[in-house]
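> One structure, as structure tokens, below. Some questions next.
There are 2 protein chains.
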Amino acid sequence: MESPLFKLCSSISCTKTFLQPISTVNSPKLHSINKRKKLVCSAPSDSNSVCSGGGVFLSIGTHLIPHPNKVEKGGEDAFFISSYKGGVIAVADGVSGWAERDVNPALFSRELMAHASNLVEDEEVQYDPRTLIKKAHAATSSTGSATAIVAMLERNGTMKIANVGDCGLHVVRKGQIVFSTSPQEHYFDCPYQLSSEAVGQTYLDATVTTVEIMEGDTVVMGSDGLFDNVFAREIISVVGSYNNSADAAKALANLAYDHSQNSKFDSPYSQEARARDFDVPWWKKIMGMKLTGMK
Amino acid sequence: MESPLFKLCSSISCTKTFLQPISTVNSPKLHSINKRKKLVCSAPSDSNSVCSGGGVFLSIGTHLIPHPNKVEKGGEDAFFISSYKGGVIAVADGVSGWAERDVNPALFSRELMAHASNLVEDEEVQYDPRTLIKKAHAATSSTGSATAIVAMLERNGTMKIANVGDCGLHVVRKGQIVFSTSPQEHYFDCPYQLSSEAVGQTYLDATVTTVEIMEGDTVVMGSDGLFDNVFAREIISVVGSYNNSADAAKALANLAYDHSQNSKFDSPYSQEARARDFDVPWWKKIMGMKLTGMK
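Just so you know, the sequences run in chain order A and B. Letter 173 of the first sequence, counting from 1, is numbered 184 in this note's numbering, and no numbers are missing. Letter 230 of the second sequence, counting from 1, is numbered 241 in this note's numbering, and no numbers are missing.
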């Protein structure tokens with residue numbers, strides 16, 4: 012189970028705060044059989060000030076747990092962080108299928124991230140994550156392939172993201188996820204991937220999005236090792252429980268690892284597989300086996 | 012069940028195509044109990060050309076089905092479209108709770124959209140959807156509140172989106188959703204909403220995102236009446252089945268309506284409610300009742 016993970020917070024002049032989700036347990040209308048929207052019941056929104064120009068930067072915590080079977084080689088994920096401008100974060104996940112061809116899947120992802128780290132301030136990149144992926148991919152000579160995501164934050168609060176494959180990024184604001192990237196795949200368990208081979212994807216396949224980061228937001232980035240094993244509501248809960256980025260990153264990575272090791276846990280990956288009519292054969296179920304996100 | 016819906020396609024010099032998802036039925040590895048990523052198996056990505064400057068515009072189809080109990084008043088949703096620049100689309104969903112105060116929930120959403128439509132080319136708006144929401148909200152004098160989403164496409168392919176509440180937008184590319192907005196809510200069934208009251212949200216609460224639209228993309232926008240009743244995989248399937256925007260919009264709206272009227276259909280809304288520990292009481296279940304997205 013690989014899960015490099017970043018937890019980032021814009022922390023400018025004000026104190027960074029993580030708000031808990033509003034409890035709905037006592038709401039009397041929730042047992043209606045027809046949905047009926049309620050009137051707003053919140054405080055005025057003036058307290059929501061958009062991060063102003065020149066002020067935003069990222070408070071970063073990271074934690075990586077390699078797959079138990081890949082500890083000796085350090086796992087197949089790689090990442091880098093940079094404090095350039097508002098901050099740059101990136102994750103690459105080496106495609107494990109290369110091991111079947113006696114290729115270490117970690118080499119490609121590590122070299123890709125090393126080049127990306129060195130190219131962050133490159134003139135041609137012009138702080139554009141898709142261009143950074145283009146140049147880092149072109150510079151990578153290792154055999155293999157990897158999914159990759161890069162996010163670059165401007166000081167004015169604009170975070171630009173380029174994503175190829177099934178790494179991901181969530182923005183948590185006031186106890187809810189207000190932005191998420193979407194994974195790209197050819198079919199189940201075959202994600203879009205930057206590759207040393209001609210059939211792979213390129214920077215042109217990256218989904219390019221931007222999101223306006225606000226004061227106090229938390230950005231959670233990880234490989235699918237995180238998002239296959241931890242539900243969004245769990246990410247929100249953990250983010251709301253820690254003020255320290257490093258502690259929260261460690262807690263999320265540990266939660267993903269624990270879920271991946273729990274054969275009884277019905278993970279997001281397992282649920283998605285069933286929703287798409289994939290599951291273990293009946294005879295494996297009798298043996299207590301199940302489709303899991305453990306990788 | 013209210014579902015104003017847009018299906019938009021960037022159609023520049025080339026022919027617009029909707030690709031079906033790649034079948035995985037015969038994949039031999041899907042019964043493994045451990046997830047193992049497969050190597051890429053696609054054609055090269057050179058065919059993915061980013062929409063070039065000056066070329067992109069939206070081919071629009073719309074379809075609205077009012078809630079059966081609200082047909083006489085035309086429902087509580089409103090929307091507008093504009094061909095300005097690459098195109099502008101917007102949806103507002105009047106908050107039904109106002110009916111309890113003898114206020115027609117449709118008035119606020121309709122006036123909001125009317126002002127937004129008139130302000131699209133306003134100098135101060137500068138083609139920024141959050142500013143458009145700010146000015147349209149300020150101009151709206153009706154009592155009530157509404158969720159709202161506005162998307163504005165530049166000719167260079169950049170679509171900027173401002174969203175307050177639980178309307179939504181998906182971008183479908185090559186048989187998969189590559190971008191989705193995230194709903195904002197105070198608690199279950201109480202979405203963020205622009206309001207005539209001081210406690211409501213403002214443009215500052217809007218989640219502001221952008222996505223780079225590519226040739227052949229399909230953009231699906233709707234109120235929660237669509238997304239509470241139709242799964243993402245169903246949206247992808249419908250989008251892949253029609254070349255005509257109007258036909259696809261009608262098919263999606265009809266599917267949402269049919270699901271909302273089917274007491275046996277386990278909708279996205281029903282599943283989300285259960286995941287958050289909300290459901291009908293046991294004695295209602297005995298009577299065959301269930302929590303549904305029918306509104």
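Glycine is no exception: its CB is placed at the ideal position from the N, C-alpha and C atoms. Model, not experiment: these values are computed from the prediction.
1) Name the residues in the segment 215-228 of chain A whose C-beta lies less than 7 angstroms from a C-beta of chain B; which are they?
2) Can you check whether the C-beta of V61/A is within less than 8 angstroms of a C-beta belonging to chain B?
3) How big is the Cα-Cα spacing for T311/A and N80/A?
4) Is S193/B close to chain A, meaning its C-beta is less than 8 angstroms from at least one C-beta of that chain?
5) So what does K171/A bridge to, in DSSP terms?
6) If you reduce the DSSP assignment to three classes, tell me which class R184/B lands in.
7) Would a C-beta distance cut-off of 8 angstroms place M225/B and I100/B closer than the cut-off?
8) At a CB-CB cut-off below 8 angstroms, which residues of chain A make contact with V183/B?
9) Which whole-angstrom value is the C-beta distance of D104/A and S281/A, which I expect to be below 8 angstroms?
10) Between the segment 211-231 of chain A and the segment 174-194 of chain A, are three or more C-beta pairs nearer than 8 angstroms?
11) Quick one: which chain B residues come within Cβ less than 7 angstroms of I100/A?
12) Are S256/B and S70/B closer than 8 angstroms when you measure CB to CB?
13) Output, in sequence order along the chain, the residues in the segment 70-93 of chain B whose CB is closer than 7 angstroms to any CB in chain A.
14) Please confirm if the segment 255-271 of chain A is in contact with the segment 206-213 of chain A, defined as three or more CB-CB distances below 8 angstroms between the two stretches.
15) Could you check if K275/A is buried or exposed, using at least 16 other CB atoms within 10 Å of its CB as the buried criterion?
16) On the DSSP bridge list, what partners appear for Q282/B?
17) DSSP three-state label for Q272/A, please.
18) What does I188/B reach in chain A if we use C-beta pairs closer than 7 angstroms?
19) How many Å lie between T154/A and D216/A at the Cα?
20) Quick one: what does DSSP say P116/A is sitting in, helix, strand or coil?
21) According to the neighbour-count rule (16 or more other Cβ atoms, all chains shown, within 10 Å of its Cβ), is Y95/B buried or exposed?
22) Any idea what DSSP makes of V230/B, helix, strand or coil?
23) Which whole-angstrom value describes the C-beta separation of I247/B and Q187/B, a residue pair presumed to lie in contact below a C-beta threshold of 8 angstroms?
24) So the candidates are G85/B, A147/B and A125/B; which of them puts its Cα closest to the Cα of E135/B?
25) Going by the CB atoms, is the gap between P202/A and D239/A shorter than 8 angstroms?
26) On the CB-based measure, 16 or more other CB atoms within 10 Å of its CB, does D88/A come out buried or exposed?
27) Please tell me whether S120/B and A157/B are closer than 8 angstroms, where the distance is taken between their beta carbons.
28) Give the secondary structure of D239/B by DSSP, where H, G and I count as helix, E and B as strand, and everything else as coil.
29) Could you tell me the distance, in whole angstroms, from the CA atom of F91/B to the CA atom of S191/A?
30) Could I get the ranges of all uninterrupted alpha helix (DSSP H) runs contained in the segment 123-158 of chain B, with 4 residues as the minimum, in chain order?
31) DSSP beta-bridge partners for P202/B?
32) So what does DSSP say about V210/A, is it helix, strand or coil?
33) Check V67/B in the structure and name its three-state DSSP category.
34) With a cut-off of 8 angstroms, does the C-beta of A267/B fall near any C-beta of chain E?
Taking the geometry as given:
1) L215, D216, T218, V219, T220, T221, V222 and E223
2) For the purposes of this step, residue 61/A is identified with residue 50 of the first sequence, where counting begins at 1. A caution first: V61/A carries a pLDDT of 36, below 50, which makes its placement in the model unreliable, though a value can still be read off. V61/A counts as touching chain B.
3) No information on residue 311/A is available, as it lies outside the stretch 12 to 306 that chain A covers here.
4) For the purposes of this step, residue 193/B is taken as the residue at position 182 of the second sequence. Judged by the 8 angstroms Cβ criterion, S193/B is in contact with chain A.
5) Within the first sequence, residue 171/A is the residue found at index 160, counting from 1. In DSSP, K171/A forms a bridge with M163/A and T221/A.
6) To locate residue 184/B, count along the second sequence from 1; it is residue 173. The answer is strand: DSSP assigns R184/B an E or B state.
7) The count along the second sequence starts at 1 and reaches residue 225/B at position 214. The count along the second sequence starts at 1 and reaches residue 100/B at position 89. No; because the gap between Cβ atoms is not below 8 angstroms, this pair is not in contact.
8) In the second sequence, counting from the first residue as 1, residue 183/B sits at position 172. Within chain A, no residue comes near V183/B; the closest Cβ sits about 10 angstroms away, beyond 8 angstroms.
9) As a first step, residue 104/A must be located in the first sequence, where it is residue number 93. As a first step, residue 281/A must be located in the first sequence, where it is residue number 270. No, D104/A and S281/A are not in contact; Cβ-Cβ is about 19 angstroms, not under 8 angstroms.
10) yes
11) By 1-based counting over the first sequence, the position of residue 100/A is 89. Going along chain B, no residue has its Cβ under 7 angstroms from I100/A, so there is no contact; the nearest lies around 18 angstroms.
12) Mapped onto the second sequence, residue 256/B falls at position 245. Mapped onto the second sequence, residue 70/B falls at position 59. Cβ distance < 8 angstroms, so S256/B and S70/B count as in contact.
13) none
14) With fewer than three CB-CB distances shorter than 8 angstroms, the segment 255-271 of chain A does not count as touching the segment 206-213 of chain A.
15) Position 264 of the first sequence, counting from 1, holds the residue named residue 275/A. So K275/A counts as exposed.
16) On the second sequence, residue 282/B is found 271 positions in, with the first residue counted as 1. Answer is none; Q282/B lacks a bridge partner.
17) Translated into positions along the first sequence, residue 272/A becomes position 261. Q272/A: helix per DSSP, three-state reduction.
18) One-based indexing of the second sequence puts residue 188/B at position 177. Those are S193, listed as they occur along chain A.
19) Against the first sequence, residue 154/A aligns to sequence position 143. Against the first sequence, residue 216/A aligns to sequence position 205. Whole-angstrom Cα-Cα distance: 20 angstroms.
20) Numbered from its first residue, the first sequence carries residue 116/A at position 105. Three-state DSSP puts P116/A in a helix.
21) For the purposes of this step, residue 95/B is taken as residue 84 along the second sequence, with counting starting at 1. By the neighbour-count rule (16 or more Cβ atoms within 10 Å), Y95/B is not buried but exposed.
22) Sequence index remark: in the second sequence, residue 230/B carries index 219 (1-based). Of the three classes helix, strand and coil, the one that applies to V230/B here is strand, per DSSP.
23) In the second sequence, residue 247/B corresponds to position 236, counting from 1. In the second sequence, residue 187/B corresponds to position 176, counting from 1. 7 angstroms between Cβ atoms; contact.
24) Position 124 of the second sequence, counted from the start, is the residue given in the question as residue 135/B. Out of G85/B, A147/B and A125/B, A147/B has the C-alpha closest to the C-alpha of E135/B.
25) Locating residue 239/A in the first sequence gives position 228, where the first residue counts as 1. Locating residue 202/A in the first sequence gives position 191, where the first residue counts as 1. For D239/A and P202/A, no; Cβs fall outside 8 angstroms.
26) Counted from its first residue, the first sequence places residue 88/A at position 77. D88/A should be labelled buried.
27) Residue numbering aside, residue 120/B sits at position 109 when the second sequence is read from its first letter. Residue numbering aside, residue 157/B sits at position 146 when the second sequence is read from its first letter. Cβ atoms of S120/B and A157/B: closer than 8 angstroms.
28) Walking along the second sequence from the start, residue 239/B turns up at place 228. In the structure shown, D239/B sits in coil (DSSP, three-state: anything other than H, G, I, E or B).
29) For the purposes of this step, residue 91/B is taken as the residue at position 80 of the second sequence. For the purposes of this step, residue 191/A is taken as the residue at position 180 of the first sequence. Straight-line Cα distance between these residues: approximately 26 angstroms.
30) 140-150
31) As a first step, residue 202/B is located in the second sequence; it is residue number 191 there, counting from the start. In DSSP, P202/B forms a bridge with E196/B.
32) Locating residue 210/A in the first sequence gives position 199, counting from the first residue. The answer is coil: DSSP assigns V210/A none of H, G, I, E or B.
33) Start at 1 with the first residue of the second sequence, and residue 67/B comes out as number 56. Three-state result, V67/B: coil.
34) Included in the structure are the protein chains A and B, with no chain E among them.
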